[in-house]
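Trainee: Sharing a structure, written as structure tokens. Questions coming.
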């Protein structure tokens, strides 16, 4: 009887542990905002309001991809992870940050509404918010940014690699 209880406990422990393993599935940029249009790609830019980058010939970098869509369009997570929801008055406005692991996070900025809360676990393809124009924005869009070890990387490259 004691052996059966130990085996059952081990099975339960393995099942619980298996449900805690994060998904490494990454959806493409096109799945974040359906029918979203890229209005500004990742990389060096001449826009002076973008962050300084000495490695860019124009000394400014756009740290993500801007996806324009009608106000209130659904925004879906491209990855699994834990949510940090917040507000950045100087840039991203209302944002959802999905922490993928200790090195990587994906930020969805300028949202008009949240559909998740800080601490929530999300899966790829899960609704996380709605397109907006909060923060420093000229119109409704999502700023999609991926940081690896605190360095912005091209979201299109990151999401297409596995």
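In our numbering, the protein residues as written are 12 to 173.
Even glycine gets a Cβ: it sits at the ideal position worked out from N, Cα and C.
1. Does residue 155 come out as helix, strand or coil in the three-state DSSP assignment?
2. Taking only the alpha-carbon atoms, compute the straight-line gap between residue 67 and residue 95 and give it to the nearest angstrom.
3. For residue 163, which residues in the same chain have their Cβ closer than 8 Å to its Cβ, ignoring the five residues on either side in sequence?
4. Give the straight-line distance between the Cα atoms of residue 38 and residue 119, rounded to the nearest whole angstrom.
5. Go ahead and label residue 171 buried or exposed: buried means 16 or more other beta carbons lie within 10 angstroms of its beta carbon, across all protein chains shown.
6. Go ahead and label residue 57 buried or exposed: buried means 16 or more other beta carbons lie within 10 angstroms of its beta carbon, across all protein chains shown.
7. For the alpha helix (DSSP H) that contains residue 166, what are its first and last residues?
8. Just verifying my parser: in three-state terms, what is the DSSP assignment at residue 144?
9. Within the same chain, show all residues whose beta-carbon is closer than 6 Å to that of residue 115, passing over the 5 residues directly before and after it, in chain order.
10. Using a Cβ-Cβ cutoff of less than 6 Å, which residues in the same chain neighbour residue 47 once the five nearest sequence positions on both sides are dropped?
11. Taking all protein chains shown into account, decide if residue 130 is buried (16 or more other Cβ within 10 angstroms of its Cβ) or exposed.
12. What is the C-beta distance between residue 121 and residue 89, in whole angstroms, given that I count them as a contact (C-beta under 8 Å)?
13. By a C-beta neighbour count over all protein chains shown, 10 Å radius and 16 as the cutoff for buried, is residue 59 buried or exposed?
14. For the stretch 51-85, list the beta strand (DSSP E) runs that are entirely contained and at least 3 residues long, ordered along the chain.
15. Would you report the Cα separation of residue 142 and residue 65, rounded to the nearest angstrom?
Mentor: Reading from the atomic positions:
1. strand
2. 30 Å
3. 53, 72, 74, 75, 156, 157
4. 14 Å
5. exposed
6. exposed
7. 166-171
8. coil
9. 159
10. 78, 80
11. exposed
12. About 16 Å; that fails the 8 Å criterion.
13. exposed
14. 76-79
15. 31 Å
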